[in-house]
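In the working numbering, the protein residues as written are 1232 to 1727.
Even glycine gets a Cβ: it sits at the ideal position worked out from N, Cα and C.
Just so you know, these numbers come straight off a predicted model, no measurement behind them.
One structure below.
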Amino acid sequence: MQSLLSVQNISKHFGNIHALRNVSLDISPKEIIGLAGENGAGKSTLVRIICGALSYDSGEMSYQGKPYKPHDVSNAESLGISVFHQEIPICPHLSIAANVFLGPMIPSQRGRPDWKLMNNRCIELYRKFLDEDIDPTVPIGECSAAEQQLALLVRVLSRNAKLVILDEPTTALSAPEVERLFDSIRRLKDEQGIGFIFVSHLLDELMELSDEIFVLRDGENVGHLYKAEFSAKELSRLIAGRSIDERHRIAKDISDAEIALEAKSISLSKSYEDISFSVHKGEVFGIAGLQGSGRSEVISSLFGLPPPDKGSVVIRGNDFGRITISRAIAAGVGYLPEDRKTKGIFPDLNIAKNIGIVSISQSKDLTGYNEEDYIKVANNMATKLSIKISNPRDYISALSGGNQQKAMLARWLALSPSILVLNEPTRGVDIAAKAEIAKIIFDMAGAGCTIIMASSEMEELLIMCDRILVMNRGRAKIILEKESLTKENLFFYAMS
Ligand SMILES: Nc1ncnc2c1ncn2[C@@H]1O[C@H](COP(=O)(O)OP(=O)(O)OP(=O)(O)O)[C@@H](O)[C@H]1O
Ligand SMILES: [Mg+2]
């Protein structure tokens, strides 16, 4: 079959970083290519070159048999190459339909946007691509992260694409939503002959969806596997360049340790009801549950985002009643939000400030800070967490997605918190770095820090936690510990 897109010997550097060196890749119509590699391996850079967002130094590409050198994103789109990438912005105040049609609004005869037509067309697109009925007039800011992700996908799919590139599209989706997305991808591939390039850190997903997988390491091709050759072991070896030592937490009995944080019958209207638990000093306490179970809302409430509207949060014996962000920070609580794009990074600040901002603002009068203080903190944390940084004075957006996530974690670790509340700590982080983050969390817990974490990845919770609270439709179902901490139990209580 004629290849849809052929990429040959592409190289690209940013300053002294070689993001890509002679990278090649081939994709046919009706084919799903998986693209794997560590954080900073060059996946997004390659994707951005293919979709016309970035120029390259050398190499060539051909598309449908002809030389292909897009001058910008809309040029690539007009040829049928569309991308869904990690950092697509949304306009929270605009409706779902407006976000789907952002850019090519459908004008009415009087030249104003034709909302009625766009709303109807939006409903049709959702039916076609996701097999779902929606209300297109809802402001997208009121939708869950998963729904926002799906809207952005519909936007990409709606542009008559022949090649769709999905750069980590599943990071905010729950397991059933991922399945729904995969079903529509397979349907679009079979029925409309669309080719897909799929970037992910989750090996199971890569192996399930892809026909072939290309692996990049340090900007170079290091592997190309066909379906029959897929194995998690081989993939992780290719990705990391070594075998990864995945440590499980050896659950400790901390029931005698003092109580660090206690949630007393907390409720938040429309999110969760009557949740109680206490977490001991030095414990790693997990919160599990499907998307929409209240998992994420409970964890953000512990940091006052927003506070529960009933019940109270008690920190080391201090009853805070209504917990606010500043009270939480003053009590030594650090918090990593779920969505780094909108609630984590400060895009207009450099890497050093993004990392140092909380610890320095706590330790000094802000007028007395100097750039070097931030750089010292950032360099120190970058070494600890192996964050791939070339210059701490670069904007945070110069970091790859996974390295931005590590920088967010670094911001709170630099504060040496006594309680660390983490919402999806390893979202978008590669398998080797995941193991590093797990180790850091174990070490911190060992040194007496209390960790409370929520994650959509059950495996991750099982590896890291001493006890796990399972949420289901806004209610606490059970707290699993010791022998009852099994995957079967987690699924059973989360789904039943
Ligand atoms: N605009 C930029 N300026 C400077 N360096 C950049 C820029 N964009 C990317 N880089 C660097 O190029 C390298 C490759 O980054 P890229 O975003 O392609 O990685 P990735 O494989 O997508 O990683 P992740 O899995 O973390 O998303 C990284 O070292 C990154 O810091
Ligand atoms: Mg990336």
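Check                                                                                                                         : Outcome
Counted within 10 angstroms of its Cβ, other Cβ atoms place residue 1670 as buried (16 or more) or exposed                    : exposed
Short Cβ contact (8 Å threshold) for residue 1653 with residue 1684                                                           : yes
Residues that DSSP places opposite residue 1448 in a beta bridge                                                              : 1451
Closer than 7 Å: residue 1332 CB and nearest ligand 1 heavy atom                                                              : no
Identity of the residue in 1533, 1521, 1576, 1456 nearest residue 1491 by Cα                                                  : 1533
Residue 1275: CB within 7 Å of a non-hydrogen atom of ligand 1                                                                : yes
Three-state secondary structure (DSSP) of residue 1391                                                                        : coil
Counted within 10 angstroms of its Cβ, other Cβ atoms place residue 1650 as buried (16 or more) or exposed                    : buried
Assigned secondary structure, residue 1764 (DSSP; H/G/I helix, E/B strand, else coil)                                         : Absent from the model: residue 1764. The displayed extent of the chain is 1232 to 1727, so no value can be given.
Cβ neighbour criterion (16 or more within 10 Å) applied to residue 1641                                                       : buried
Start-to-end residues for the beta strand (DSSP E) that takes in residue 1291                                                 : 1289-1294
Buried or exposed (CB count within 10 angstroms, at least 16 for buried), residue 1695                                        : buried
C-beta contact flag for residue 1298 and residue 1291 at 8 Å                                                                  : yes
At least 3 beta-carbon pairs within less than 8 Å: the segment 1546-1562 vs the segment 1615-1627                             : no
Interface flag, residue 1250 vs chain B, CB-CB below 8 Å                                                                      : In the structure shown, chain B cannot be found, because there is only a single protein chain.
Bridge-paired residues (DSSP) for residue 1698                                                                                : 1516, 1712
Check: residue 1631 C-beta below 7 Å from any heavy atom of ligand 4                                                          : Because ligand 4 does not appear in the structure shown, any question about it cannot be addressed here, the ligands present being ligand 1 and ligand 2.
Distance, residue 1575 Cα to residue 1362 Cα                                                                                  : 32 Å
Cβ-heavy atom distance, residue 1250 to ligand 1, below 7 Å                                                                   : yes
Classification of residue 1463 by the beta-carbon crowding that lies within 10 angstroms, buried from 16 upward               : exposed
Cβ-Cβ distance between residue 1659 and residue 1399 below 8 Å                                                                : yes
Check whether residue 1326 and residue 1276 have beta carbons under 8 Å apart                                                 : no
Span of the alpha helix (DSSP H) around residue 1677                                                                          : 1662-1677
Same chain, Cβ closer than 7 Å to residue 1605, neighbours up to 5 away in sequence not counted                               : 1583, 1584, 1587, 1591
Per DSSP, cross-strand counterpart(s) of residue 1400                                                                         : DSSP lists no partner for residue 1400.
Given 8 Å, three or more beta-carbon pairs between the segment 1437-1446 and the segment 1257-1266                            : yes
Segment contact, 8 Å Cβ cut-off, at least three pairs: the segment 1524-1531 with the segment 1497-1505                       : yes
Residue 1721 beta carbon less than 8 Å from that of residue 1701                                                              : yes
Closer than 7 Å: residue 1398 CB and nearest ligand 2 heavy atom                                                              : yes
Burial state of residue 1647 (16 or more Cβ within 10 Å)                                                                      : exposed
The segment 1503-1515 contacting the segment 1381-1399, beta-carbon criterion three pairs below 8 Å                           : no
8 Å Cβ shell around residue 1289 - same chain, five flanking residues per side excluded                                       : 1240, 1241, 1242
Status (buried if at least 16 other CB within 10 Å, exposed otherwise) for residue 1697                                       : buried
Paired residues, beta bridge with residue 1256 - DSSP                                                                         : 1238
Neighbourhood of residue 1306 by C-beta distance below 8 Å, restricted to the same chain and skipping five residues each side : 1283
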